[in-house]
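Visitor:
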Amino acid sequence: MANQKKDPAQEEVLSILQTAKNRLDYLTPNDWMLLVDRSKKATFKRGDSLIKQGKNSGMVYLLVRGTAKVEAFPKAFIAQIGPGQICGEMAFLENSIASATVTAEEEIEVRAIEWSALSDLFELFPHLGSRFYRSLALSLSRRLREQIGIKQLAQKPS
14 MANQKKDPAQ EEVLSILQTA KNRLDYLTPN DWMLLVDRSK KATFKRGDSL IKQGKNSGMV
74 YLLVRGTAKV EAFPKAFIAQ IGPGQICGEM AFLENSIASA TVTAEEEIEV RAIEWSALSD
134 LFELFPHLGS RFYRSLALSL SRRLREQIGI KQLAQKPS
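Just so you know, this note's numbering puts 98 at position 85 of the sequence shown, and the rest follows in order with no gaps.
1) When the Cα of residue 53 is compared with those of 122, 168, 80, 95, which residue comes out closest?
2) Buried or exposed for residue 114, going by 16 or more other Cβ atoms inside 10 Å?
3) Should residue 28 go down as buried or exposed, given a rule of 16 or more other Cβ atoms within 10 Å for buried?
4) I'd like the span of the alpha helix (DSSP H) that includes residue 135, first residue to last.
5) Counting C-beta neighbours from all protein chains within 10 Å, is the total for residue 158 16 or more, i.e. buried, or is it exposed?
6) Mind pulling the alpha helix (DSSP H) runs of 4 or more residues that sit fully within the stretch 61-128?
7) Could you give the DSSP three-state label for residue 32: helix, strand or coil?
8) Is the beta carbon of residue 63 closer than 8 Å to that of residue 8?
9) Find out if the Cβ-Cβ distance for the pair residue 136, residue 58 is shorter than 8 Å.
10) Expressed to the nearest angstrom, what Euclidean distance is found between the alpha-carbon atoms of residue 32 and residue 156?
11) What separation, rounded to the nearest whole angstrom, lies between the Cα atoms of residue 126 and residue 93?
12) Measure the C-alpha to C-alpha separation of residue 60 and residue 41 and round it to an integer number of angstroms.
13) Report the rounded CA-to-CA distance for residue 55 versus residue 144, giving the unit in angstroms.
14) In angstroms, rounded to a whole number, what distance separates the CA positions of residue 90 and residue 112?
15) Who pairs with residue 55 in a beta bridge, going by DSSP?
The following block contains the structure:
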């Protein structure tokens with residue numbers, strides 16, 4: 014078997030996604046390679062919207078560099094996301110329109126994966142699908158707990 018040359022840029026992306034603090038926890042190194050291989054690199058400038066509430070982008074985004082804010086109309090802050098985190102997952106899960114707008118807070122780099130590419134991967138690799146969905150459940154649970162904590166703090170009397 015011939016030695017495959019490793020792409021240093023892809024190796025760096027894999028390293029960032031696999032070691033990020035709030036990454037998709039249950040994915041294996043192989044899972045990450047499959048996802049990155051099926052993704053397209055994209056960059057967004059500060060203020061650009063990756064996802065717009067009420068629209069169907071047909072994409073899921075993995076953040077590689079930078080931060081983005083997630084807001085729902087009318088300007089209700091939901092979360093700030095950074096390297097290793099995902100956005101567009103709720104619309105993907107529901108096969109629906111986006112429930113929030115995601116805006117770059119600085120120049121960001123993402124890996125964009127089309128919904129159809131994800132579905133194809135899950136058919137080929139069912140265990141990847143189960144680990145991916147479990148990771149999404151954990152990610153959404155963390156965001157919900159964060160929102161509950163924020164609301165509880167806001168309701169405490171001074």
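Here a beta-carbon is modelled for each residue, glycine too, at the ideal position from N, C-alpha and C.
Quick caveat, the model's predicted, so the values are computed rather than measured.
Guide: So, from the data block:
1) By one-based count along the sequence shown, residue 53 stands at place 40. With distances taken between Cα atoms, residue 53 lies closest to 122.
2) The residue labelled residue 114 in the question sits at position 101 within the sequence shown. Counting Cβ neighbours within 10 Å, residue 114 comes out buried, since at least 16 surround it.
3) By 1-based counting over the sequence shown, the position of residue 28 is 15. Residue 28 should be labelled exposed.
4) Counting from one through the sequence shown, the residue named residue 135 turns up at place 122. Segment 128-137, the alpha helix (DSSP H) holding residue 135.
5) Within the sequence shown, residue 158 is the residue found at index 145, counting from 1. With fewer than 16 Cβ atoms within 10 Å of its Cβ, residue 158 is classed as exposed.
6) 102-107
7) To locate residue 32, count along the sequence shown from 1; it is residue 19. Of the three classes helix, strand and coil, the one that applies to residue 32 here is helix, per DSSP.
8) The chain is shown from 14 up to 171; residue 8 falls before or after that span and cannot be answered.
9) Position 123 of the sequence shown, counted from the start, is the residue given in the question as residue 136. Position 45 of the sequence shown, counted from the start, is the residue given in the question as residue 58. Using a Cβ distance threshold of 8 Å, residue 136 and residue 58 do not count as a contacting pair.
10) Position 19 of the sequence shown, counted from the first residue, corresponds to residue 32. Position 143 of the sequence shown, counted from the first residue, corresponds to residue 156. The straight-line gap from Cα to Cα measures roughly 19 Å.
11) As a position in the sequence shown, residue 126 is number 113, starting the count at 1. As a position in the sequence shown, residue 93 is number 80, starting the count at 1. Taking the straight line joining both Cα atoms gives about 20 Å.
12) For the purposes of this step, residue 60 is identified with residue 47 of the sequence shown, where counting begins at 1. For the purposes of this step, residue 41 is identified with residue 28 of the sequence shown, where counting begins at 1. About 33 Å.
13) Along the sequence shown, read from residue 1 onward, the residue named residue 55 stands at position 42. Along the sequence shown, read from residue 1 onward, the residue named residue 144 stands at position 131. Cα to Cα, residue 55 sits roughly 25 Å from residue 144.
14) Sequence index remark: in the sequence shown, residue 90 carries index 77 (1-based). Sequence index remark: in the sequence shown, residue 112 carries index 99 (1-based). Their backbone Cα atoms lie some 12 Å apart in a straight line.
15) Taking the first residue of the sequence shown as position 1, residue 55 is located at position 42. Its beta-bridge partners are 123.
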